[in-house]
Amino acid sequence: MRKNIVAGNWKMNTTVPEGVQLAQEVNDAVAAAGTLKCDVVIGVPFTHLTAVRAAIDIDKVGLAAENCANHTSGAYTGEVSAAMVASTGANYVILGHSERRGYYNETIELLKEKVDLALTAGLKVIFCCGESLEERKAGTHFDVIKNEIVGSLFHLDAEAFANVVIAYEPIWAIGTGETATAEQAQEIHAFIRGLLVEKYGNTVADDTTILYGGSCKPSNAAELFAKPDIDGGLIGGASLKADSFMGIVTAF
Ligand code: PGA
Numbered sequence: 000m001r002k003n004i005v006a007g008n009w010k011m012n013t014t015v016p017e018g019v020q021l022a023q024e025v026n027d028a029v030a031a032a033g034t035l036k037c038d039v040v041i042g043v044p045f046t047h048l049t050a051v052r053a054a055i056d057i058d059k060v061g062l063a064a065e066n067c068a069n070h071t072s073g074a075y076t077g078e079v080s081a082a083m084v085a086s087t088g089a090n091y092v093i094l095g096h097s098e099r100r101g102y103y104n105e106t107i108e109l110l111k112e113k114v115d116l117a118l119t120a121g122l123k124v125i126f127c128c129g130e131s132l133e134e135r136k137a138g139t140h141f142d143v144i145k146n147e148i149v150g151s152l153f154h155l156d157a158e159a160f161a162n163v164v165i166a167y168e169p170i171w172a173i174g175t176g177e178t179a180t181a182e183q184a185q186e187i188h189a190f191i192r193g194l195l196v197e198k199y200g201n202t203v204a205d206d207t208t209i210l211y212g213g214s215c216k217p218s219n220a221a222e223l224f225a226k227p228d229i230d231g232g233l234i235g236g237a238s239l240k241a242d243s244f245m246g247i248v249t250a251f
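In numbering that gives the first Met the number 0, the protein residues as written are 0 to 251.
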């Protein structure tokens, strides 16, 4: 059976000392909570990975980078490779976030390269997809999501795909306070799982974790997570405080 996961995406927030403190608070809260109904992951800036890794119990709290390079090594000033991320002890990487696609021109083809390098480095990939408001209004949201998933992931064989988590994040819901309704999210999650059934068959589709992201908070998490195809959340703003993040973790 697939895992439920609640993953934080800190984005470009916190200094290293602040981040270590937040990670410790999350780690302590997870330890104190005992048996949880989901895995917990925190996604942190590159600069924080090593220090945060030292501050957490990786068996209780997974650790993600928020990006990695589309090259293995060499003359790419300022870039951080998937192998470098893995060498910090991180076990996940978030790829294809709409902020990376939008502000840094990350294309479907580029993300395919990053996915391959991340998996080769032994990282699990949290792969984000989702439509803009214009695309939803135009009724093209299903096509947009399908293209993103097919174009960057469907070259993988089933064995490699087992290390992929999908996060559906409608761009119009990210950081806006406007959450997709549980019904809207479920509709897309079921659509995504249907794509996986067609490509990889029922077992792989059933085993794949599909997260919802976009203004998810303690007050709406339980309703979202109650839907059959919503297996947790990718949490931005509400992951920056341990208590609100834990309010989502314990919503299952
Ligand atoms: P948000 O961000 O929870 O602040 O809307 C979600 C995300 O971008 O992953």
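Each residue gets a CB set at the ideal place from its N, CA and C atoms; glycine is no exception.
Cβ neighbour criterion (16 or more within 10 Å) applied to residue i
| i | result |
| --- | --- |
| E133 | exposed |
| V149 | exposed |
| T202 | exposed |
| G18 | buried |
Simplified DSSP state of residue i, which is helix, strand or coil
| i | result |
| --- | --- |
| Y103 | coil |
| D156 | coil |
| V79 | coil |
| A166 | strand |
| D115 | helix |
| I173 | coil |
| N146 | helix |
| I41 | strand |
| G61 | strand |
Residue of the options minimising C-alpha distance to residue i
| i | options | result |
| --- | --- | --- |
| I41 | A30, F244, F251 | F244 |
| D242 | A89, L233, K216, E17 | K216 |
| E98 | I170, R1, I165 | I170 |
| G77 | N66, Y211, L210 | N66 |
| N162 | T208, A6, L48, T106 | T208 |
| P16 | G193, N8, A54 | A54 |
| I107 | S151, L48, T139 | S151 |
Where the beta strand (DSSP E) through residue i begins and ends
| i | result |
| --- | --- |
| F126 | 123-128 |
| D27 | Here D27 belongs to no beta strand (DSSP E); instead the alpha helix (DSSP H) covers 15-32. |
| I209 | 209-212 |
| A50 | Careful: A50 lies outside any beta strand (DSSP E), inside the alpha helix (DSSP H) at 48-54. |
Residue i: first and last residue of the uninterrupted alpha helix (DSSP H) it sits in
| i | result |
| --- | --- |
| A221 | 217-224 |
| N201 | 201-206 |
| V247 | Correcting the residue type first, residue 247 is Ile in the shown sequence and not Val. That run of the alpha helix (DSSP H) goes 241-248. |
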